[in-house]
Amino acid sequence: MKNKNLNSQKETQGVSLYIAFMIMSVLLVIAFGMSTILLSQMKMIKGMGDSVIAFYAADTGIERALYEDATPPQTFPGSLDGASYIASVISPGSEGCSSNVNYCIKSVGIYKETRRAVQVNR
-13 MKNKNLNSQK ETQGVSLYIA FMIMSVLLVI AFGMSTILLS QMKMIKGMGD SVIAFYAADT
47 GIERALYEDA TPPQTFPGSL DGASYIASVI SPGSEGCSSN VNYCIKSVGI YKETRRAVQV
107 NR
């Protein structure tokens, strides 16, 4: 009887070790998954800030072309606090500019590796 009880306890100890190992493995997988998601979200948030700066640079290019009251074809390059822009005044009916407008202004803002474009029809 004593021998049977001893064998039963040894089997139970092995099972509890196995269950503890499986629980730790599951928790580790969950932790790695969460860290991967958080890192990708942080990269995306950083890119959003660069995107806003590139968009404002493109908007600055549009404003400059409107201020200069440019006639097509003309190009206005410029830079502003680490960002740059290239604004182009386009003739109607060319490069995606509708033929029923006077002219179009397309500006591309660049900041680090992010590019954003804005087009205005006038």
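Numbering-wise, this note's numbering puts -5 at position 9 of the sequence shown, and it's gapless, one number per residue. From the three backbone atoms N, C-alpha and C, an ideal C-beta is built for every residue, glycine too.
It is roughly 33 Å from the alpha-carbon of Ile39 to the alpha-carbon of Phe18. For Ala103, the enclosing beta strand (DSSP E) starts and ends at Thr100 to Asn107.
DSSP places Val87 outside both helix and strand once states are collapsed to three, so it counts as coil. With contacts defined by Cβ atoms closer than 9 Å, Tyr71 and Ala43 form a contacting pair. With respect to Gly64, Arg50 sits close: the two C-beta atoms are nearer than 9 Å. With a cutoff of 9 Å on beta-carbon distance, Ser74 and Ser93 are scored as near each other.
In the same chain as Thr100, and ignoring 5 residues on each side of it, the C-beta atoms closer than 7 Å to its own belong to Gly33, Asp36, Ser37 and Ala40, in chain order. With fewer than 16 other Cβ atoms from the protein chains shown falling within 10 Å of its own Cβ, Val12 counts as exposed.
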